[in-house]
Amino acid sequence: MEENLILDKLVQFGLTRQEANIYLCLYQNGELTGYEVAKMTGISRSNVYGGLSDLTDKGAAFLVQGSSNRYVAASIEEFCDHKVKDLQNARTYLCEHIPEVKKS
319 MEENLILDKL VQFGLTRQEA NIYLCLYQNG ELTGYEVAKM TGISRSNVYG
369 GLSDLTDKGA AFLVQGSSNR YVAASIEEFC DHKVKDLQNA RTYLCEHIPE
419 VKKS
């Protein structure tokens, strides 16, 4: 039950359900290859690699270069703080520029 609630909260922070499952797998298990994530989650490898790429773009995971590419989850604090900051910046921009659109 708690894992489903955690997944729901990760979705609220902008992850897809699949990305949330991949993130949680990385968070629980440390550095993993895409193949290992696919095996542990039951998600197809092609979907896992797409999800890992998206998680990296969103700042929720990092690629660890080596003989085989491995991924590691960002700390939940780092990911959430980054997302909140992005939303605050978007809010500031909108509050400053939306009134200008009405005047035009």
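Residue numbers (my numbering): 319 to 422.
The beta carbon of each residue, even a glycine, is placed where N, CA and C say it ideally should be.
None of the values given here were measured: they were computed from a predicted structure.
Beta strand (DSSP E) segment containing A379, residue limits: For A379, the enclosing beta strand (DSSP E) starts and ends at A379 to V382.
Helix, strand or coil at A391 according to DSSP, with G and I counted as helix: Strand, per DSSP.
Given 8 Å, three or more beta-carbon pairs between the stretch 355 to 364 and the stretch 336 to 347: Taking a cut-off of 8 Å for Cβ pairs, the stretch 355 to 364 and the stretch 336 to 347 touch, as three or more such pairs fall below it.
Short Cβ contact (8 Å threshold) for V382 with V366: Cβ atoms of V382 and V366: not closer than 8 Å.
Own chain partners of Y389 with C-beta closer than 8 Å, once the 5 adjacent residues on each side are dropped: For Y389, where only same-chain residues beyond five positions count, the Cβ hits under 8 Å are L344, E349, L350, T351, G352, V355, L370, L373, T374, A379, F380, L381 and V382.
As assigned by DSSP and simplified to three states, the class of L333: Assigned with DSSP and collapsed to three states, L333 falls in coil, not helix or strand.
C-alpha distance - C413 paired with D399, whole-angstrom precision: Per the coordinates, the alpha-carbon of C413 lies some 21 Å from the alpha-carbon of D399.
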